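Notes for the one structure printed next.
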Amino acid sequence: MHTSPAASAASTPLKRLALHSTSTCAAQASAYGKCIVATYTDVRKDSCKAEFDKFRACLRTAVR
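Numbering-wise (our numbering), the sequence shown opens with residue 33 and increments by one.
Structural data, given as C-alpha cells:
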C-alpha cells in the first residue's frame with residue numbers, strides 16, 4: 033500500500049513546517065521578510081518582533 037506524495041511530504045515536523053511556511057503562512061512570512069530586508073543595514077533586537085510573532089503564531093497553529 034502506497035501513500036500519496038502529498039501525505040508523505042508532510043509526514044515529519046520539519047516537512048510540515050516547510051510546507052506551511054511557504055503556503056499557509058505565506059503572507060506572514062512575506063511581511064516578516066520585508067521587515068528584515070528593510071532593516072538589515074541597521075539591525076536591532078526586536079526590530080521586526082511584531083512581524084515575527086505573527087509568523088510564529090501562524091506556524092504554530094498550522095503545524096499542530
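Cβ coordinates follow ideal geometry from the N, Cα and C atoms, glycine included.
Small disclaimer: the values here were computed from a predicted structure and weren't measured.
Other residues of its chain near residue i: CB distance less than 6 angstroms, five sequence neighbours each side excluded
i	result
residue 86	60
residue 39	Note on residue 39: pLDDT 49, under 50, position unreliable in the model; no value is reported.
Residue i, buried or exposed, once every other Cβ within 10 Å from all chains shown has been counted against 16
i	result
residue 82	exposed
residue 72	exposed
Residue from the options with nearest C-alpha to residue i
i	options	result
residue 93	57, 46, 43, 63	57
residue 89	76, 46, 52, 44	52
residue 65	96, 84, 75, 95	84
Alpha helix (DSSP H) segment containing residue i, residue limits
i	result
residue 54	45-54
residue 64	58-71
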